[in-house]
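In terms of our numbering, the sequence shown is numbered consecutively and its last residue is 308.
Written out below as structure tokens is the structure these notes cover.
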Amino acid sequence: MSTQLKILIGIIFTLLTCIPLAAIAMNDLGHDFGLVPQDQPTEMELRAAALSGRQIEVGADLFGQYCYSCHGKNGEGLPGVAPALNRKDLFDGTHQRNVGWPGSINGFIKNTIAAGRPIQSRPDLYSAKMPTWSQEYGGPMRPDQVNALVAFVMNWQGKAPEVDAWPVAVASGTPRPTATAGPSPTPAPTVAGLFRICQTITPQYAGKKAPYKFDDRAVLAAGKQIYDEKCAACHGPTGRGDGVAAAALNPKPANLADKNFMNTLPVDCHFFAIAEGVKNTGMPPWKSLGDDQMWKVLIYERSFSGVQ
Ligand code: HEC
Ligand code: HEC
């Protein structure tokens, strides 16, 4: 083949790859120059919308698993437990101004989800603590999952109702509603006599043994700290499945202080549940904590019943 022919073929291919790009550009330019009606979205806008649509769906799924127990299915909040999120002042900047947040609305929501609020703003109003969600701060979620949640919450902007989630003064003597979650009934053991989570244990976890003694005080103290911070909201301060967030959970966490139940949850299966979480329930996977922290919290959880 002559060099000229090669060059010619090269040029033809280059031109061919330009056609789809040109089509997009024409559409977008047509938009800019009034050839395409302004109310019709450009190709680029359509693509961006499709992408963020998928992100919102992912966020909705995560919200339905990990957030609704405190914030309600549609972000309407749970009186006495956690504030509504689907509310006007969170999206028009009023709330951010009130709390002195200097950044963007988006940034405020992202920061709250990622870092949580280890210190409660108004324990008189809301009894729960906003957990930490991002792995960056020791929570269970990846950055893309946090972003999807932000996209989902932001999706309420524009049509959020006016709700006074942070009233300035509470009339003294007004009874504060609280979640009334009694101890949850112990789930029925499965045919094999083990709790249902154990039926799906994978070889990677089967037979695992704790690397610490069950009465190691330092381990128990470390485990308690993790438990109080990350698990108690759902599992309850003493493991009875009666945390402030448990009222809205279905299924609810079991009673970890019940010896009979704990006999159906052997150590390897217990560790498996913590590491991988339980799909389609409020129980998130915690393996980002690392084995050592998971074992410590496991040993603390088993101290509720004394079953080793
Ligand atoms: C255990 C209950 C609980 C769970 C579960 C929970 N939150 Fe929260 N959340 C709270 C509480 C309580 C607050 C208020 C914190 C404070 O300032 O004291 C809050 C605050 C927030 C705020 C800020 C609202 C404001 O008015 O300042 C956002 C945003 C938020 N949560 C999003 C989420 C998302 C997304 C999830 C799920 C990944 C989630 N929360 C899960 C209890 C919870
Ligand atoms: C947002 C709520 C929530 C948080 C936070 C949470 N869990 Fe769970 N957990 C659940 C629910 C709901 C179940 C029940 C799942 C089922 O019935 O299959 C569960 C199940 C479990 C089980 C199996 C026994 C049982 O109760 O069914 C263990 C063990 C467990 N969680 C440990 C932990 C540990 C350790 C932490 C903290 C590192 C934690 N959980 C944090 C909601 C939560």
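Ideal placement from N, C-alpha and C gives every residue a C-beta, glycine not left out.
Taken through DSSP and simplified to helix, strand or coil, Arg117 comes out as strand. Contact holds between the segment 141-158 and the segment 49-61, because three or more Cβ pairs, one in each stretch, are under 8 angstroms apart.
Here the segment 274-282 makes no contact with the segment 210-226; the two share fewer than three CB pairs at distances below 8 angstroms.
Contact check for Ala221 against Cys234 fails: the beta carbons are separated by 7 angstroms or more.
Taken from the Cβ of Thr112, at least one heavy atom of ligand 1 lies inside 6 angstroms. Contact between the segment 73-89 and the segment 151-158 is present: three or more C-beta pairs spanning the two stretches fall below 8 angstroms.
The beta carbons of Ile201 and Cys269 sit about 5 angstroms from each other, so the pair counts as a contact at 8 angstroms. Gly103 is classed as exposed because its beta carbon has fewer than 16 other beta carbons within 10 Å across all chains shown. In terms of Cα proximity to Ala254, the closest of Asn260, Lys224, Gly241 and Met130 is Gly241. Residue environment analysis places Phe272 among the buried positions, since at least 16 neighbouring C-beta atoms fall within 10 angstroms of its C-beta. The DSSP assignment places complete alpha helix (DSSP H) segments of no fewer than 4 residues inside the segment 185-268 at 217-230, 232-235 and 259-263, in order along the chain.
Taking the Cβ of Met283 as the reference point, every heavy atom of ligand 1 lies at 6 angstroms or farther away. DSSP, reduced to helix, strand and coil, places Leu5 within a helical segment of the structure shown.
Gly116 sits close to Thr132, with the two beta carbons spaced by under 7 angstroms. Remark: the shortest separation between the CB of Ala273 and any heavy atom of ligand 2 falls under 6 angstroms. Judged by beta-carbon spacing, Val81 lies within the 7 angstroms limit of Ser127, meaning their Cβ atoms are closer than that value. The Cβ atoms of Gly239 and Ala257 sit closer than 7 angstroms to each other.
The C-alpha of Lys129 is placed about 7 angstroms away from the C-alpha of Ile119. By the 16-neighbour rule on beta-carbons within 10 angstroms, Ile9 is exposed. Beyond the five residues adjoining it in sequence on each side, Gly93 comes within less than 8 angstroms, by CB distance, of Ile105 in the same chain, given in chain order. The three-state reading of DSSP puts Ala165 in coil, since its state is none of H, G, I, E or B.
Residue pairing by DSSP places Ser305 in no beta bridge whatsoever.
Closest by C-alpha distance to Asp228, out of Glu301, Asn263 and Leu265, is Glu301. The criterion of a C-beta distance shorter than 7 angstroms is not satisfied by Met262 and Ala275.
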